[in-house]
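Contents: one structure, followed by commentary.
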Amino acid sequence: MIEKAELQDLVRDAAACVRATNPMAPSITNTVTINFVANAQIAVGGSAAMVYLPDEGEAMAAAGPAMYINVGTLLPIYEETLPRTAARLAELGKPWVLDPVAVGIGEMRTKLLAGFKEQKPTIIRGNASEVIALADLWGLEGAGGESTVRGVDSTQGVDEARAAAVAIARYTGGAVAVSGEVDLVTDGEVVALSHGGSQFMTQITGSGCSLGGVCAVYAACAKTPLAAALAAVNVYNLAGARAEAKVKAPGSFQAAFLDELYLATPEDIAANPFDLEEA
Amino acid sequence: MIEKAELQDLVRDAAACVRATNPMAPSITNTVTINFVANAQIAVGGSAAMVYLPDEGEAMAAAGPAMYINVGTLLPIYEETLPRTAARLAELGKPWVLDPVAVGIGEMRTKLLAGFKEQKPTIIRGNASEVIALADLWGLEGAGGESTVRGVDSTQGVDEARAAAVAIARYTGGAVAVSGEVDLVTDGEVVALSHGGSQFMTQITGSGCSLGGVCAVYAACAKTPLAAALAAVNVYNLAGARAEAKVKAPGSFQAAFLDELYLATPEDIAANPFDLEEA
Amino acid sequence: MIEKAELQDLVRDAAACVRATNPMAPSITNTVTINFVANAQIAVGGSAAMVYLPDEGEAMAAAGPAMYINVGTLLPIYEETLPRTAARLAELGKPWVLDPVAVGIGEMRTKLLAGFKEQKPTIIRGNASEVIALADLWGLEGAGGESTVRGVDSTQGVDEARAAAVAIARYTGGAVAVSGEVDLVTDGEVVALSHGGSQFMTQITGSGCSLGGVCAVYAACAKTPLAAALAAVNVYNLAGARAEAKVKAPGSFQAAFLDELYLATPEDIAANPFDLEEA
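Chains as they are written, first to last, in the numbering used here: chain A, 1 to 279; chain B, 1001 to 1279; chain C, 2001 to 2279.
Shown next as structure tokens:
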């Protein structure tokens, strides 16, 4: 099992590399939070580019060192865009992040998410209900639990999704990040539980979606998917806690949170409190 | 005619119920202000979920206790999505809110809005020109007036739309909210004129759209469409006035306004000044 | 060659006319920054309306005194919407602004941008790489340089795009604005170099897109395309510098920047430092 100090070094190095190299992590993502995703990616030191069309998804897969696919607000063209983009990413061996928003709702979403089993997303970021539902959709053994997705909100705790997250990570060989009061990140071998954050992160839209986008930025630089996902989760918990201390309500929180994402140093990000356990 | 105190109780109860039960009010809404709609819905205590596809619209109609349809930035697929969603809402007897943005512009918009006459939206939220134009499109008697829509802006005052709003409410059996310097809310029997708000609400995009989304959140809880619409209009007038006192310009106003939506109590919302008249 | 004082008068008059007449400058623009575009247009005194469908694009071309087309996040329907809208604008002789976002990526984007050569956009606003690539795509002589577009980011300096900008402006008979540390605006006869702005403008998404939208607002009022483009670039440089002095990070910068757009007077805008040279 990886030592905590070693993992912290990987997190710090990933964050420092992002600041130094400004990697572009293109996205196909929902229209609700697309602006927040882009601004969060830029705030941590990356660069953003969003597309909808199939050949543009493929071009972005080739152009960026890592990519982000979020299945919120599906458009008809995504039936073609998402599989073609994921296939190109797999072909090129590029790391990519999947946010299985609202898995279970709608025919196209189910078909697309089922299809991604083949391409094995490098990192999957979701709430507890979504991670449980995805493991179920993919028919992974040992995932346990039964999902109760309600639109885009989780109705289940992170603890309940632990088995599903571990099962997915073992299947993909990548990492899974489950968002909740304590955030869980696993590569199937270890489970990191990251602390911090803010109550206001559940009282704005987009904290989850943008976390996925930031995972992709770190995936462009990190040595392992686990380090990328933990860097993202740590900077979110750090920035969330710092921003909450400065505001009284969620309207002001958004700007304060982006400010703190921008101001966090690689050392700060590595030092955000987390527990490390065997999976 | 309902007593003012009784209406205030209904408003307070609706707002308290929303805070207690966190109802999800899914939306099909324009991309310009979609983020602001979601954040406003969350700030008052509700939950948001946005979709574009026909079967997802139907799924959301079934999943949420109330829904919001806004016809800004129409996409080709809406030709199918909106009628199917509205039909399902009617079938299920779910309350829903229509914002007839820019009625009169484009063939699809006209066709969709004409079609909604059959499903009778529970609440219609628009500016004066839009409400007049919708009554005209629906051929309602006694609506009077002639609309002069310019893009998404109103070129007419709330007073001019009073007859149209009353005629629509009598036809649908629901409520109509007309936004302006003083906001008019009617169920065809009474007219409530709500005071407050801010000049900055016309100097940002989305104060109208998000008000529609918040109407849907309250419609999930309120005993009557009138109480839901008035709760939404009142919290907007209250939060607008409070936010304006804290800022000097519209950029800062947005965050301050969301903060005040979040901080308003059910008692505050019920107590926002309004006049009550016979329709 | 136009005198600097004369150009400043034209800039001041355009800004004053916008404040006095609240012109609507409709847009077909990307979903990433669509909200920011609308709010920036409103902040300087204009009005916004966004559409996607072909007949709505044509209706907006007829309804507004000027229009904005930005080719980010292309949707399938744009294949029809953008040529029809541009054709109507040309037919009506209305000024319009093109932002050739990420020129070179994707088949549809290339085809659309190549096609716009015929309609001659009144103002083109892009970063250095985009302007060089557009001049190249249009096969303009004397444009020089070779483009290296990376997603939506420029990898080249404004100086490198000077020849391309001048060549485009001479071809269209309009103006070209190249965004960078110093912003270049040219009508093919003179080159204005506008100073100010903020490092944070590159650390948020949408400062370029929204500048295009604001160019369209001023184009509705200005006597010349050069005056419109320079008014927009000047108010951006002024507001950027003022906003930066008030914040420490890009999250807070966005609201502060919109505030300063709103607070800038026509005299302030005309007085923002710029150099004027022969092209």
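Virtual Cβ for every residue (Gly too), placed ideally from N, Cα, C. For clarity, every value in this text was computed on a predicted model and none was experimentally measured.
Relative to LEU137 of chain A, the option among A:SER154, A:LEU230 and A:GLU118 whose CA is nearest is A:GLU118. Counting along the chain, ASN2127 of chain C sits inside the beta strand (DSSP E) bounded by residues 2123-2127. Fewer than three pairs of CB atoms, one per stretch, sit closer than 8 Å, so the segment 1172-1189 of chain B makes no contact with the segment 2015-2029 of chain C. Note on geometry: alpha-carbon atoms of ASN127 of chain A and GLY1093 of chain B lie some 31 Å from one another. CA-to-CA, the gap between ALA2227 of chain C and VAL2011 of chain C works out to about 5 Å. Sixteen is the threshold: since fewer than 16 other Cβ atoms of the shown chains lie within 10 Å of the Cβ of ASP2275 of chain C, the residue is exposed.
By the beta-carbon neighbour count (other beta carbons within 10 angstroms, threshold 16), THR2122 of chain C is buried.
The beta carbons of SER198 of chain A and PHE253 of chain A sit about 7 Å from each other, so the pair counts as a contact at 8 Å. By a beta-carbon distance limit of 8 Å, ALA25 of chain A contacts GLY64 of chain A. Their separation comes to about 6 Å. The Cβ of ALA2249 of chain C sits closer than 7 Å to at least one Cβ of chain A. Rounded to the nearest angstrom, the gap between the Cα atoms of ASP2259 of chain C and ILE1105 of chain B is 31 Å.
DSSP places ILE2028 of chain C within a strand segment (E or B) once states are collapsed to three. Close to THR2073 of chain C, with beta-carbon spacing below 7 Å, are these residues of chain A in chain order: MET50, VAL51 and TYR52.
In terms of Cβ geometry, GLY2212 of chain C and TYR2078 of chain C do not form a close pair [threshold 7 Å]. Annotation: ALA1164 of chain B to THR1224 of chain B spans about 20 Å, alpha carbon to alpha carbon. Scanning its chain for C-beta atoms nearer than 6 Å, with the 5 sequence neighbours on each side dropped, one finds around VAL233 of chain A the residues ALA177, ASP183, VAL185 and SER194, in chain order. Runs of the alpha helix (DSSP H) lying entirely within the segment 65-108 of chain A and spanning at least 4 residues, in chain order: 78-92.
One alpha carbon belongs to GLY1142 of chain B, the other to THR2021 of chain C, and they sit about 34 Å apart.
Residues of the segment 1249-1276 of chain B with a Cβ closer than 8 Å to any Cβ of chain A, in chain order: GLN1254, ALA1255, ALA1256, PHE1257, LEU1258, ASP1259, GLU1260, LEU1261, TYR1262 and LEU1263.
DSSP places THR172 of chain A inside the alpha helix (DSSP H), whose first and last residues are 162-172.
Residue-level contact by beta carbon fails for GLU1079 of chain B and chain C, as no gap is shorter than 7 Å. For PRO273 of chain A, the closest C-alpha among the options A:VAL101, A:TYR236, A:LYS120 and A:ASP99 is that of A:TYR236. Rounded to whole angstroms, the separation of the alpha carbons of ALA270 of chain A and ALA5 of chain A is 9 Å. Shown in chain order are the members of the segment 1173-1207 of chain B whose Cβ falls below 8 Å from a Cβ of chain C: GLN1203, ILE1204, THR1205 and GLY1206. Here LEU1098 of chain B is near ILE1124 of chain B, since their CB atoms are less than 7 Å apart. With distances taken between CA atoms, GLY1240 of chain B lies nearest to B:GLY1206 out of B:GLY1206, B:PRO1095 and B:ALA1216. Burial is judged here by how many other beta carbons sit within 10 angstroms of a residue's own beta carbon; GLU1277 of chain B has fewer than 16 and is exposed.
Excluding sequence positions up to five before and after ALA222 of chain A, its CB lies within less than 6 Å of the CB of ALA14 and ALA228, all in the same chain and listed in chain order. Annotation for PRO1250 of chain B: PHE1200, GLN1203 and ILE1204 place their beta carbon closer than 7 Å to its own, counting only its chain and skipping 5 residues before and after. If you draw a straight line from the Cα of TRP2096 of chain C to the Cα of GLY1180 of chain B, it is about 31 Å long. With its beta carbon less than 7 Å from one in chain A, ASP2153 of chain C belongs to the interface. Contacts with chain C at 7 Å (Cβ-Cβ) include GLY1106 of chain B. In the three-state reduction of the DSSP assignment, ASP1187 of chain B falls in the coil class, being assigned neither a helical nor a strand state.
The beta carbon of LEU238 of chain A lies closer than 8 Å to those of GLY196, GLU260, ALA264, ASP268, ILE269 and ASN272 in the same chain, with the five residues before and after it left out. Separation of THR155 of chain A and PRO100 of chain A (C-alpha to C-alpha, rounded to the nearest whole angstrom) is 15 Å. By a beta-carbon distance limit of 8 Å, VAL2051 of chain C contacts ILE2028 of chain C. Their separation comes to about 6 Å.
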